[in-house]
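The sequence shown runs 1 to 382 under this note's numbering.
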Amino acid sequence: MRARAHPPHRPRLGCASALLAWSVLTWSWAAEAAAARVTYAAIDQDSSLLIAGLGHISGDTYQPDLDLLSAGIGSTRATLALVEASPAGCRQALGFALDCWWADGADGGVALLTGGRLPQGNLSVRTIGSTLLQQPALRPLVERLMAPWLGGQTGLSYLPSEGQWTATLDDRGHQRLVELLSLCERPTAQALSRVGDADLPDQRRPIIAGSTLHSWPALVEGLSVAMQASVALAPRLRQRAFPGGGIKLRPQDLGQLVMLLREHGIGAQWCHGVLCLGEATRPGPLYDREHPAQRRRLAVIPIGHLLTTLVDGDLIITALRRRVAQVWWEQPGAGIEFLAGSGTLLVAADADTQQLVLDATSAIDRLGLELGLRTLEAGVGR
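Below, the structure written as structure tokens:
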């Protein structure tokens with residue numbers, strides 16, 4: 001793929017410059033890993049005070065977007081308790097307690113937002129040459145998957161006769177566009193591997209039992225003390241009546257608490273070391289509050305050997321959208337597409353969803369197309 005920028009790109013890094021860049025990246029990663037842990041409690045606290053206070057302690061600058069401010073986020077109240085939380089844990093807990101996404105801001109801060117578009121940095125115009133000739137159906141596909149980086153003064157165009165793309169985007173948007181067009185041009189098999197939550201506390205650790213908790217604030221405080229771990233409460237759960245008779249913390253390991261809470265109709269899931277408490281009907285993909293487009297990556301899964309006609313590819317796509325991580329495909333920047341020319345699936349998803357798609361296509365491969373699709377339709381792989 002050939003890229004031309006206005007103004008022109010800088011020369012490629014030499015060996016010494018590349019080594020320096022690697023050193024800076026390594027130092028940045030180490031600095032993040034060694035960042036000070038945060039212990040902080042906000043029980044029914046005014047959201048504007050919470051945002052300012054947590055930002056001051058954690059060193060992050062949290063910036064609510066206009067939609068959140070217009071919705072009156074500053075006058076709402078939130079509940080969370082952080083215990084030695086990492087930067088990722090702080091962002092997760094705040095986003096969950098405010099029921100919003102978080103994303104890297106254009107100026108280095110942390111944006112808090114509810115919309116599908118990511119924060120935009122400085123825009124530039126770049127032209128990309130490719131071998132994607134005479135494929136008019138490709139442009140709407142690219143626009144769908146690039147939607148979080150488009151909007152405002154951004155845009156892209158496609159010249160089918162030349163395979164040429166011209167885009168007005170910020171640097172992150174240009175990187176995502178090049179990644180997407182490269183995979184469409186050369187759809188080589190690839191997918192993410194699941195990585196464990198580095199902040200997840202030891203699930204075999206016994207909790208401090210004995211307390212009976214009778215309110216949502218007491219539940220958050222009591223769990224954080226009993227577990228010595230972070231807890232965040234979803235605003236919609238806070239509006240529900242607390243379970244009658246209270247919740248008694250009986251002797252058990254940390255990993256058993258999720259089941260105890262579910263017995264009382266409370267959904268619970270660990271994300272970035274934070275036990276997030278939500279409604280029992282809340283889908284799993286909506287617990288992680290990092291913006292879906294920011295954590296989304298692209299995967300390519302070959303399925304050509306499973307097909308007898310191109311219609312089979314459409315059947316597989318339809319079944320996957322309906323039965324595998326259904327909520328994910330509704331998120332900004334998410335998608336699953338059949339690339340007929342290469343007989344592959346292009347999957348725009350986070351690591352967990354990519355793994356579910358891989359499991360489902362593996363089942364189809366093992367059972368055969370007809371039986372595999374029937375099994376999928378029956379709900380296997382959800």
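Where is the CB? At the ideal position from N, CA and C, for every residue including glycine. No experiment lies behind these values; they were computed from the predicted model shown.
Endpoints, alpha helix (DSSP H) assigned at P187: As a first step, residue 187 must be located in the sequence shown, where it is residue number 187. In the DSSP assignment, P187 falls outside any alpha helix (DSSP H), carrying neither H nor E.
- prompt: For the segment 210-219 against the segment 245-265, are there 3 or more C-beta pairs whose distance is under 8 Å?
  reply: The segment 210-219 makes contact with the segment 245-265, as at least three CB pairs between them are under 8 Å.
query: Quick check: the segment 71-80 against the segment 120-138, are there 3 or more CB pairs under 8 Å?
result: In short, these stretches do not touch, since the Cβ pair count stays below three.
- request: Within the same chain, show all residues whose beta-carbon is closer than 7 Å to that of L183, passing over the 5 residues directly before and after it, in chain order.
  value: Your numbering for residue 183 matches position 183 in the sequence shown. Hits under 7 Å: L298, V300, L346.
field: Spatial distance of P302 from M146 (CA atoms)
entry: Residue 302 sits at position 302 when you count from the first residue of the sequence shown. Residue 146 sits at position 146 when you count from the first residue of the sequence shown. If I take the Cα positions, the gap works out to 22 Å.
message: With distance defined between alpha-carbon atoms, name the residue in D365, Q355, G278, I317 nearest to A93.
response: Position 93 of the sequence shown, counting from 1, holds the residue named residue 93. The option with the nearest alpha carbon to A93 is G278.
task: Reducing DSSP to helix, strand and coil, say where P243 ends up.
output: Sequence index remark: in the sequence shown, residue 243 carries index 243 (1-based). If DSSP states are grouped into helix, strand and coil, P243 belongs with coil.
message: Using only CA atoms, which one of Q294, T309, A229 lies nearest to C271?
response: As a first step, residue 271 must be located in the sequence shown, where it is residue number 271. Of Q294, T309, A229, the smallest CA-CA separation from C271 is found for A229.
message: Would A348 and R296 be called neighbours here (beta carbons separated by less than 8 Å)?
response: Numbered from its first residue, the sequence shown carries residue 348 at position 348. Numbered from its first residue, the sequence shown carries residue 296 at position 296. Yes, the pair counts as a contact, with Cβ atoms nearer than the cut-off.
Inside the segment 108-192 only - alpha helix (DSSP H) runs reaching at least 4 residues: Counting whole runs of 4 or more residues, the segment 108-192 contains the alpha helix (DSSP H) stretches 138-145, 171-185.
- prompt: Contact between the segment 197-205 and the segment 130-142: three or more CB pairs below 8 Å?
  reply: Touching, no, given that fewer than three Cβ pairs across the two stretches are closer than 8 Å.
task: Identify, in the order they occur along the chain, each residue of the same chain with its Cβ nearer than 7 Å to the Cβ of R398, setting aside the five sequence neighbours on each side.
output: No answer is possible for residue 398: it lies beyond the span of the chain, which begins at 1 and ends at 382.
- prompt: Cβ of P332 within 8 Å of Cβ of P292?
  reply: As a position in the sequence shown, residue 332 is number 332, starting the count at 1. As a position in the sequence shown, residue 292 is number 292, starting the count at 1. Their beta carbons are under 8 Å apart, which means P332 touches P292 by this criterion.
message: Give me the residue from I364, L233, V225, L257 with the minimum Cα distance to I317.
response: Taking the sequence shown and counting its residues from 1, one reaches residue 317 at position 317. Checking every option, the nearest Cα to that of I317 belongs to I364.
- prompt: How big is the Cα-Cα spacing for Q354 and T344?
  reply: Taking the first residue of the sequence shown as position 1, residue 354 is located at position 354. Taking the first residue of the sequence shown as position 1, residue 344 is located at position 344. Straight-line Cα distance between these residues: approximately 14 Å.
- request: Could you tell me which residues DSSP pairs with P206 in its beta bridges?
  value: Taking the first residue of the sequence shown as 1, we reach residue 206 at position 206. Residue pairing of P206 in beta bridges, as defined by DSSP: D253.
- request: Please work out which residues of its chain come closer than 6 Å, Cβ to Cβ, to A280, disregarding the five sequence neighbours upstream and downstream, and give them in chain order.
  value: Translated into the one-based positions of the sequence shown, residue 280 becomes position 280. Correct list, in chain order: G265, G267.
field: Residue environment, M227, which counts as buried when at least 16 other CB atoms sit within 10 Å
entry: Translated into positions along the sequence shown, residue 227 becomes position 227. M227 comes out buried.
Close-in-space but distant-in-sequence residues of the same chain around R407 (CB under 8 Å, 5 per side omitted): As displayed, the chain neither begins before 1 nor continues past 382, which places residue 407 out of reach and without an answer.
task: Determine the extent of the beta strand (DSSP E) in which G284 is found, giving its start and end residues.
output: On the sequence shown, position 284 is the one that residue 284 refers to. Boundaries for G284: no beta strand (DSSP E) harbours it, and the DSSP string shows neither H nor E there.
CA nearest to the CA of L132, picked from T188, G53, Q164, G152: For the purposes of this step, residue 132 is taken as the residue at position 132 of the sequence shown. Looking at T188, G53, Q164, G152, the one whose alpha-carbon comes closest to that of L132 is Q164.
task: Can you grab the Cα-Cα spacing for the pair V254 / I208, in whole Å?
output: Mapped onto the sequence shown, residue 254 falls at position 254. Mapped onto the sequence shown, residue 208 falls at position 208. Position check: residue 254 holds Leu in this sequence, whereas Val was assumed. L254 and I208: Cα-Cα distance of roughly 10 Å.
query: Can you list the beta strand (DSSP E) stretches of 3 or more residues lying completely in the segment 52-114, in chain order?
result: Qualifying beta strand (DSSP E) stretches, in chain order: 62-64, 77-85, 101-104, 110-113.
query: Taking C-beta to C-beta, are L356 and A325 nearer than 8 Å?
result: Here the question's residue 356 lines up with position 356 in the sequence shown. Here the question's residue 325 lines up with position 325 in the sequence shown. Yes, the Cβ-Cβ distance between L356 and A325 is below 8 Å.
task: Please go through the same chain and pick out, in chain order, the residues whose beta-carbon is closer than 7 Å to the beta-carbon of L98, but skip the five residues on each side of it.
output: Numbered from 1 along the sequence shown, position 98 holds the residue referred to as residue 98. Within the same chain, L98 has close Cβ partners S47, I73, A78, L112.
query: For G341, does the three-state DSSP call read helix, strand or coil?
result: Residue numbering aside, residue 341 sits at position 341 when the sequence shown is read from its first letter. DSSP places G341 in the coil class of the three-state scheme, outside both helix and strand.
task: Could you please give the first and the last residue of the uninterrupted alpha helix (DSSP H) stretch that includes I317?
output: The residue given as residue 317 occupies position 317 in the sequence shown. Per DSSP, I317 belongs to the alpha helix (DSSP H) from 310-323.
Distance, P283 Cα to P276 Cα: Taking the first residue of the sequence shown as 1, we reach residue 276 at position 276. Taking the first residue of the sequence shown as 1, we reach residue 283 at position 283. The question names Pro, but residue 276 is Cys in the sequence shown. C-alpha separation (whole angstroms): 12 Å.
Test item: CB-CB of S193 and A351 under 8 Å: Working through the sequence shown from its first residue, we reach residue 193 at position 193. Working through the sequence shown from its first residue, we reach residue 351 at position 351. Yes, they are a contact pair.
- prompt: So what does DSSP say about G297, is it helix, strand or coil?
  reply: Along the sequence shown, read from residue 1 onward, the residue named residue 297 stands at position 297. In the sequence as presented, Gly is not what sits at residue 297; that position holds Arg. In the structure shown, R297 sits in a strand (DSSP, three-state: E or B).
- request: Determine the extent of the beta strand (DSSP E) in which L275 is found, giving its start and end residues.
  value: The sequence position of residue 275 within the sequence shown is 275, counting from 1. In the DSSP assignment, L275 falls within the beta strand (DSSP E) that extends over 274-279.
message: Considering only the alpha carbon of each residue, which of V327, L257, Q294 lies closest to P285?
response: Along the sequence shown, one-based indexing puts residue 285 at 285. Checked all of V327, L257, Q294; the closest Cα to P285 is V327.
C-alpha gap between L138 and L310, whole angstroms: Here residue 138 refers to the residue found at position 138 when the sequence shown is read from its first residue. Here residue 310 refers to the residue found at position 310 when the sequence shown is read from its first residue. L138 and L310: Cα-Cα distance of roughly 17 Å.
- request: Would you kindly report the start and end of the unbroken alpha helix (DSSP H) that includes A351?
  value: Residue numbering aside, residue 351 sits at position 351 when the sequence shown is read from its first letter. Secondary structure note for A351: its alpha helix (DSSP H) is the uninterrupted segment 351-367.
- prompt: Roughly how many angstroms separate the alpha carbons of L373 and L339, rounded to a whole number?
  reply: The count along the sequence shown starts at 1 and reaches residue 373 at position 373. The count along the sequence shown starts at 1 and reaches residue 339 at position 339. Approximately 19 Å between the Cα atoms of the pair.
Unbroken alpha helix (DSSP H) run spanning A234, endpoints: In the sequence shown, residue 234 corresponds to position 234, counting from 1. Taken as a continuous stretch (DSSP letters only), A234 belongs to no alpha helix (DSSP H), as it is neither H nor E.
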